[in-house]
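J.: Protein chains in written order, with our numbering: chain U, 903 to 1367; chain A, 1405 to 1656. For glycine and all other residues, C-beta sits at the position ideal for the given N, C-alpha and C.
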Amino acid sequence: MITAACELAIGQGLRIGMPVSKAQAMVPDLRIEAADPAADHQSLERLGLWLLQRIAPIVAVDPPDGVVIDVTGADHLHGGEEALLEMLLGRLTLSGITAHLAIADTWGAAHALARHHRKTKACIALPGSTASVLAPLPLAALRLPPATVAGLLDLGFATIGDLIDTPRAPLTLRFGPDLCRRLDQALGAVGEPIDPLRPEGLIEVRRSFAEPIGAAETIARSITRLVTDLCTALEARGEGARRLDLLCWRVDNRIETVRVGLAVAQRDPKRLTRLLCNKIPSIDPGFGIEIMTLTAALAEPLVPRQATTLLEQAPPDITDLVDMLSNRVGHRAVYRLAPVASDVPERSVTRIGALSPDQGIGWPGHWPRPSRLLPRPEPIDTMALMPDHPPNWISWRGIRYRVVRADGPERIFGEWWKRDAEAKAVRDYFCIEDEAGHRFWIFRAGDGEDATTGSHCWFIHGVFG
Amino acid sequence: MTDAVPRPNIAALRARIAHLEGAETHARKVLPFGVDALDGRLPQGGLEMGCLHEVAGGGRGALDGAAAACFAAGIAARQPRPVLWCVTQADLFAPGLEQVGLFPDRVIYVEAGDENAVLASMEEGLRHGGLGAVVADVASLSMTASRRLHLAAKASGTIGIALRRWRREADASDFGQPTAAMTRWRVSVLPSAPLPVPGIGRARWLIELIRARAGESFDLELEGCDGTGHLGLPAPVANRPATQAGRQYGLG
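#1: Determine the extent of the alpha helix (DSSP H) in which residue 1627 of chain A is found, giving its start and end residues.
#2: Have a look at the DSSP bridge pairing and note the partners of residue 1206 of chain U.
#3: For residue 1102 of chain U and chain A, any beta-carbon pair shorter than 8 Å?
#4: Can you list, in chain order, the residues of its chain with a C-beta nearer than 6 Å to that of residue 1549 of chain A? Leave out the 5 residues immediately preceding and following it.
#5: Quick one: which unbroken beta strand (DSSP E) runs of 3-plus residues sit fully inside the stretch 1558-1598 of chain A? Chain order, please.
#6: Between the beta-carbon of residue 1187 of chain U and the beta-carbon of residue 1152 of chain U, is there less than 8 Å?
#7: Quick one: what's got a C-beta closer than 8 Å to residue 1092 of chain U's C-beta in the same chain, skipping five residues either side?
#8: If you scan the stretch 1030-1088 of chain U from start to end, which runs of the alpha helix (DSSP H) of 4 or more residues do you find wholly inside it?
#9: Interface residues of chain A around residue 1261 of chain U at Cβ under 8 Å?
#10: Counting only beta-carbon separations shorter than 8 Å, does residue 1225 of chain U have a partner in chain A?
#11: Distance, Cα to Cα, residue 1631 of chain A vs residue 1098 of chain U?
#12: Per DSSP, what kind of secondary structure is residue 932 of chain U in: helix, strand or coil?
#13: Give a yes or no on whether 8 Å exceeds the smallest Cβ distance from residue 1272 of chain U to chain A.
#14: Touching or not, the stretch 1192-1200 of chain U and the stretch 1099-1106 of chain U, by the rule of three or more beta carbon pairs under 8 Å?
#15: With 16 other CB atoms within 10 Å as the buried threshold, where does residue 972 of chain U fall?
#16: Please compile the residues from chain U whose C-beta is within a distance smaller than 8 Å of the C-beta of residue 1608 of chain A.
#17: Tell me whether the beta-carbon of residue 1564 of chain A lies closer than 8 Å to the beta-carbon of residue 1530 of chain A.
#18: Closest Cβ-Cβ distance between residue 1462 of chain A and chain U: below 8 Å?
#19: Using a C-beta to C-beta distance shorter than 7 Å, which residues of chain U count as neighbours of residue 1514 of chain A?
#20: Kindly list, in the order they appear in chain A, the residues whose Cβ is closer than 7 Å to that of residue 1276 of chain U.
#21: When the cut-off is 8 Å and only beta carbons count, does residue 1518 of chain A lie next to chain U?
#22: Taking Cβ-Cβ distances below 8 Å as the criterion, which residues of the stretch 1522-1554 of chain A are in contact with chain U?
#23: So which residues of chain A does residue 1364 of chain U contact, with C-beta pairs closer than 7 Å?
#24: Start and end of the alpha helix (DSSP H) containing residue 1127 of chain U?
#25: Are the beta-carbon atoms of residue 1505 of chain A and residue 1470 of chain A separated by less than 8 Å?
#26: Taking DSSP's pairing of strands, which residues face residue 1318 of chain U in a bridge?
#27: Just the Cα atoms here: how many angstroms apart are residue 1007 of chain U and residue 1125 of chain U?
#28: In the DSSP assignment, the alpha helix (DSSP H) including residue 953 of chain U goes from what residue to what residue?
#29: Have a look at residue 1024 of chain U and residue 1495 of chain A and give me their C-alpha separation to the nearest angstrom.
#30: Where does residue 1189 of chain U land, buried or exposed, given buried means 16+ other C-beta within 10 angstroms?
#31: Going by beta-carbon coordinates alone, are residue 1440 of chain U and residue 1306 of chain U separated by less than 8 Å?
#32: Using only CA atoms, which one of U:914, U:950, U:993 lies nearest to residue 929 of chain U?
#33: Could you pull out every residue in the same chain whose Cβ sits closer than 7 Å to the Cβ of residue 1363 of chain U, ignoring the five residues on either side in sequence?
#34: On a CA-only basis, which of A:1432, A:1438, A:1447 is nearest residue 1415 of chain A? Give me that one, please.
#35: Answer yes or no: do residue 1148 of chain U and residue 1225 of chain U have a C-beta to C-beta separation smaller than 8 Å?
#36: Quick check: the stretch 1457-1467 of chain A against the stretch 1576-1583 of chain A, are at least 3 beta-carbon pairs closer than 8 Å?
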């Protein structure tokens, strides 16, 4: 029996569930590997662990071929749901995994969309649209036993939409309670807790409360205790946490999650507590929290270092500030800038991590550079003498400036080794100053003589201070 | 105007007022501009550290904030510790800031989603204490927000600079609203001094101190920041040849 086939084989007419002998008859030199469910499950777990460390705090294996991730409260760290899916799809493709991804309100809906929504590899169901998104999908998407699906097909049901509007009692009588449970789970009428994957050796501390807690101060106090316990456990292993997950089990069986990342490994209780306590407003305690667990999802060896010497003053430690800001606005939004060896202004700057080692180099300072660079060059109207004179006047955003003084041209050639279109491209940059002292950085696309070097239109690119 | 003879009564009154304002008992540190004409007219002889200051551009500069950014970068460059710069839109050009002395290794940028996030990041930076200066591009700054920032700066001794920048020129009238900032500056561009050859000389700014707590406002025409973040006195004012004036704070 065929359990899985590559796209090429499916193109040849092979189907999953087909006997191997038939397949061999259809395709003469077919390559066949014996199915190994145990190894599949193991590698699925490995993938789950990888996702747990990088994507979100609640990840579970959904055998035989899926992984379910609760991205609630974790998507903003990756720049939103679309960006998360795109990033994940890219990284999975790079590691040789053909993945179908879906984000939906419920596990059931995401499961169905990922497997039966064939238009795109990644799709997002907007909140509240679960029923309308599920309606056109086939019945097999509902995680039902094959016998039930076959029975429903015999009765004339083809899609989930047909089932949604049908009275439940006769269906339950005929197919048992499983059918309606699965339907409700997919539609979100019944909760479906995800049992999170917990790898061995994960440092986890846990507190259960006699009475459900809800007040912010109480949560803060419990966090302090959890962090103290966690730091003791980390210290015993000589490790520091890079990523912390706080899971709050509510009385209504939902899990509120908080994930914080750290730029360098830490086990200072005060600092970790402060990071977690900053996130308390994002925890919705509902009717109360029963259990709180704190895990170090990513831990690294942390060796004690000598903090200061008497001879020299240590540079101020700003790692905690960077952590705090990264967890507030996302780690990509906190950065430093570093030079890139490129003459094209917009390519001469790159973003590096806020705590990267010092580069020690700057940009060449032969020519003045503006303090503000427009996001993209804006076209301007000018009157200029070709080929190498600055304009007499420019008109930008409806205002005309008469040019009194100018410097230039500074010729910048296209980077022909990057794109063919830039093989002959030229930009002539001028600094100009008007009567009132406004200084602008403008350029002409093209060298003023040869039309292949550019359009000879003028653009403004920056404003000097 | 500064007094030639010390007047003990005035000094005592000033101390008393400072005490009433809830100020600290010890004198704050001061970051001098290095231009006597400017430092001499400031109440403490320089820009006070551990305070919030406001800077805005004049005219068109209220929209692009280019000259104001150079002025703020010059201040940040003249103190040795790291700098945090909070923005909503990333249009600062680091090579340009390097040319006024703010080297890229020293600046951490925070690109926050909205104005409130910028103010929150700025406050976080001011509270931390490990930074030398925190600059933030903000449009509106309420009394409450500025008071919070000022208190945060006071506790840590970090310079806070609110770089006011608006989307429309009409919104710039917001700059007249009261805030808790220690000083309020407006930096407008002026035509640079003519050179004997074609080309553009060093930038020249009209620097207006619109408001200063316990000080008088004034305006002064100065040359823009040089490669070490120092302002310069224009040659005719300094009453000496242009070559010398340029060299005094020349590129280190």
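T.: The relevant details are as follows:
#1: On the second sequence, position 223 is the one that residue 1627 of chain A refers to. Here residue 1627 of chain A belongs to no alpha helix (DSSP H); instead the beta strand (DSSP E) covers 1622-1627.
#2: For the purposes of this step, residue 1206 of chain U is taken as residue 304 along the first sequence, with counting starting at 1. Note: residue 1206 of chain U sits in no beta bridge, so no partner.
#3: Reading the first sequence from its first residue, position 200 is the one you call residue 1102 of chain U. Residue contact with chain A for residue 1102 of chain U: absent (no Cβ-Cβ distance below 8 Å to any residue of chain A).
#4: As a working note, residue 1549 of chain A is residue 145 in the second sequence. Once the five neighbours on either side are set aside, the close Cβ partners of residue 1549 of chain A are 1523.
#5: 1563-1568, 1587-1594
#6: As a position in the first sequence, residue 1187 of chain U is number 285, starting the count at 1. As a position in the first sequence, residue 1152 of chain U is number 250, starting the count at 1. Yes, Cβ-Cβ distance for residue 1187 of chain U and residue 1152 of chain U is below 8 Å.
#7: Along the first sequence, one-based indexing puts residue 1092 of chain U at 190. If we look at residue 1092 of chain U and ignore the five residues flanking it on each side, its Cβ neighbours are 1083, 1086.
#8: 1032-1036, 1048-1056, 1062-1066, 1070-1077
#9: Taking the first residue of the first sequence as position 1, residue 1261 of chain U is located at position 359. Within 8 Å Cβ-Cβ: 1508, 1509.
#10: On the first sequence, residue 1225 of chain U is found 323 positions in, with the first residue counted as 1. It does not: the Cβ of residue 1225 of chain U has no partner Cβ on chain A nearer than 8 Å.
#11: Residue mapping note: residue 1631 of chain A aligns to position 227 of the second sequence, counting from 1. Residue mapping note: residue 1098 of chain U aligns to position 196 of the first sequence, counting from 1. Distance between the alpha carbons of residue 1631 of chain A and residue 1098 of chain U is about 56 Å.
#12: Here residue 932 of chain U refers to the residue found at position 30 when the first sequence is read from its first residue. Of the three classes helix, strand and coil, the one that applies to residue 932 of chain U here is coil, per DSSP.
#13: Residue 1272 of chain U sits at position 370 when you count from the first residue of the first sequence. Judged by the 8 Å Cβ criterion, residue 1272 of chain U is in contact with chain A.
#14: With a cut-off of 8 Å, the stretch 1099-1106 of chain U and the stretch 1192-1200 of chain U count as touching, because enough Cβ pairs lie within range.
#15: Position 70 of the first sequence, counting from 1, holds the residue named residue 972 of chain U. Its Cβ being crowded by 16 or more others within 10 Å, residue 972 of chain U is buried.
#16: Taking the second sequence and counting its residues from 1, the one referred to as residue 1608 of chain A is at position 204. Near residue 1608 of chain A (Cβ distances below 8 Å), the residues of chain U are 1339.
#17: Looking up residue 1564 of chain A in the second sequence gives position 160. Looking up residue 1530 of chain A in the second sequence gives position 126. Contact flag set, yes.
#18: Along the second sequence, read from residue 1 onward, the residue named residue 1462 of chain A stands at position 58. Not flagged as an interface residue toward chain U: residue 1462 of chain A, since no C-beta distance is shorter than 8 Å.
#19: To locate residue 1514 of chain A, count along the second sequence from 1; it is residue 110. Within chain U, the residues near residue 1514 of chain A are 1227, 1231, 1235, 1236.
#20: Taking the first sequence and counting its residues from 1, one reaches residue 1276 of chain U at position 374. Chain-ordered, the chain A residues with CB closer than 7 Å to the CB of residue 1276 of chain U read 1495.
#21: Taking the second sequence and counting its residues from 1, one reaches residue 1518 of chain A at position 114. False, the Cβ-Cβ gap to chain U never drops below 8 Å.
#22: 1524, 1525, 1528, 1529, 1532, 1533, 1534, 1535
#23: Locating residue 1364 of chain U in the first sequence gives position 462, counting from the first residue. Result: 1497.
#24: Here residue 1127 of chain U is taken as the residue at index 225 of the first sequence, counted from 1. Counting along the chain, the alpha helix (DSSP H) containing residue 1127 of chain U begins and ends at 1118-1139.
#25: In the second sequence, the residue the question calls residue 1505 of chain A occupies position 101. In the second sequence, the residue the question calls residue 1470 of chain A occupies position 66. No.
#26: Taking the first sequence and counting its residues from 1, one reaches residue 1318 of chain U at position 416. Partner(s): none; residue 1318 of chain U has no beta bridge.
#27: The count along the first sequence starts at 1 and reaches residue 1007 of chain U at position 105. The count along the first sequence starts at 1 and reaches residue 1125 of chain U at position 223. When rounded, the distance between both Cα atoms is 29 Å.
#28: Numbered from 1 along the first sequence, position 51 holds the residue referred to as residue 953 of chain U. Residues 939-956.
#29: The residue you call residue 1024 of chain U lines up with position 122 of the first sequence. The residue you call residue 1495 of chain A lines up with position 91 of the second sequence. Looking at the two C-alpha atoms, the distance is approximately 33 Å.
#30: As a working note, residue 1189 of chain U is residue 287 in the first sequence. Answer is exposed; the Cβ neighbour count stays below 16.
#31: The shown model of chain U, from 903 to 1367, leaves out residue 1440 of chain U, and the question about it has no answer.
#32: Reading the first sequence from its first residue, position 27 is the one you call residue 929 of chain U. If we check each option's Cα against that of residue 929 of chain U, U:914 comes out closest.
#33: As a first step, residue 1363 of chain U must be located in the first sequence, where it is residue number 461. The answer, listed in chain order, is 1247, 1275, 1276, 1279, 1343, 1344, 1345.
#34: On the second sequence, position 11 is the one that residue 1415 of chain A refers to. If we check each option's Cα against that of residue 1415 of chain A, A:1447 comes out closest.
#35: The residue you call residue 1148 of chain U lines up with position 246 of the first sequence. The residue you call residue 1225 of chain U lines up with position 323 of the first sequence. Annotated as distal: residue 1148 of chain U and residue 1225 of chain U, with beta-carbon spacing of 8 Å or more.
#36: The stretch 1576-1583 of chain A, when compared against the stretch 1457-1467 of chain A, does touch it at the 8 Å Cβ threshold.
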